[in-house]
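Scroll down for the structure; my scribbles are underneath it.
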Amino acid sequence: MDAVYTTPPKNTVPESKFDRIGEALLPTHTFDNAPEFDILLIPGGLGTRDETIANEVTSFIKKQYPTVKYLLSVCTGSLMVAAAGVLDGRKATSNKFAWPWTKIHKSVDWIPKARWVVDGNIWSSSGVAAGMDMTYAFIATVFSPDIAKELATKMEYEPHTNSEWDPFCEIWNLSSK
Numbered sequence: 777m778d779a780v781y782t783t784p785p786k787n788t789v790p791e792s793k794f795d796r797i798g799e800a801l802l803p804t805h806t807f808d809n810a811p812e813f814d815i816l817l818i819p820g821g822l823g824t825r826d827e828t829i830a831n832e833v834t835s836f837i838k839k840q841y842p843t844v845k846y847l848l849s850v851c852t853g854s855l856m857v858a859a860a861g862v863l864d865g866r867k868a869t870s871n872k873f874a875w876p877w878t879k880i881h882k883s884v885d886w887i888p889k890a891r892w893v894v895d896g897n898i899w900s901s902s903g904v905a906a907g908m909d910m911t912y913a914f915i916a917t918v919f920s921p922d923i924a925k926e927l928a929t930k931m932e933y934e935p936h937t938n939s940e941w942d943p944f945c946e947i948w949n950l951s952s953k
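Take the sequence shown: its position 85, counting from 1, is numbered 861 in this note's numbering, and each next residue is one higher.
Listed below in structure tokens is the structure:
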């Protein structure tokens with residue numbers, strides 16, 4: 777089975793011991809045989825810059841989006857969602873460090889001053905830490921505020937709950953529109 781990764785793993789043999797401490801994510805499906813999802817989360821990161829991987833991911837997003845209940849993107853994952861055409865005519869945000877790349881996708885209403893943005897069933901966050909805040913808000917909205925609070929407490933995590941709190945817009949000298 778071909779693994780579904782955004783970056784190549786150091787070791788692709790599931791039975792072997794990994795040379796790092798931590799959990800291993802072992803794929804159960806490929807892009808070709810993946811089931812329909814209720815929630816599709818698209819991460820960003822260095823793997824999104826590889827053209828072959830990016831093409832496979834954007835094709836997968838196009839294929840999956842019509843059947844998902846929610847699509848979430850973190851960091852530069854929103855650029856992958858935009859490349860798939862799913863963000864055309866919608867509002868979204870992305871990582872401020874990578875903001876110049878948003879100009880490639882002119883049909884998206886990019887919101888520079890936002891921790892996260894919600895447009896219909898699509899949620900996008902700016903940086904990775906903002907992705908945690910977006911996920912907290914998503915869980916509170918879709919499931920319940922009590923569940924979100926319980927999970928945050930168990931993680932010892934204190935979220936920013938204002939989606940417009942974004943000091944990084946000024947740090948990176950971006951216009952807030």
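The C-beta atom is built at its ideal place from N, Cα and C for all residues, glycine as well. Values in this document were obtained by computation on a predicted structure and should not be read as measured data.
Rounded separation between residue i and residue j - CA only
i	j	result
Leu863	His881	9 Å
Gly907	Val884	19 Å
Lys839	Ala859	13 Å
Lys925	Leu802	29 Å
Ser900	Glu940	13 Å
Ile947	Phe813	37 Å
Asp826	Thr869	21 Å
Thr917	Asp909	12 Å
Phe919	Ile837	24 Å
Ala890	Asp942	6 Å
Asn938	Pro921	14 Å
Asn949	Lys879	15 Å
Gly865	Tyr841	15 Å
Gly861	Thr804	27 Å
Leu927	Phe914	12 Å
Phe807	Glu832	8 Å
Exposed unless 16 or more other CB atoms sit within 10 angstroms - verdict on residue i
i	result
Gly896	exposed
Ala779	In this prediction, Ala779 has a pLDDT of 43, which is less than 50 and means its spatial position is unreliable; nothing more can be read from the coordinates.
Pro876	exposed
Pro888	buried
Tyr912	buried
Thr824	buried
Thr929	exposed
Leu822	exposed
Pro811	exposed
Met777	Model confidence at Met777 stands at a pLDDT of 38, short of 50, so the residue's coordinates are unreliable and nothing is read from them.
Pro935	buried
Thr828	exposed
Thr834	buried
Residue i - partner residues in DSSP beta bridges
i	result
Ile818	Ser849
Ala859	None; Ala859 has no bridge partner.
Ala868	Trp886
Beta carbon of residue i nearer than 8 Å to that of residue j
i	j	result
Cys945	Lys872	yes
Gly820	Thr852	yes
Ile818	Lys845	no
Val904	Val850	yes
Leu855	Ile898	no
Ser902	Trp892	yes
- Query: Whole beta strand (DSSP E) runs in the region 887-948 with 3 or more residues, listed along the chain?
  - Reply: 892-895, 898-901
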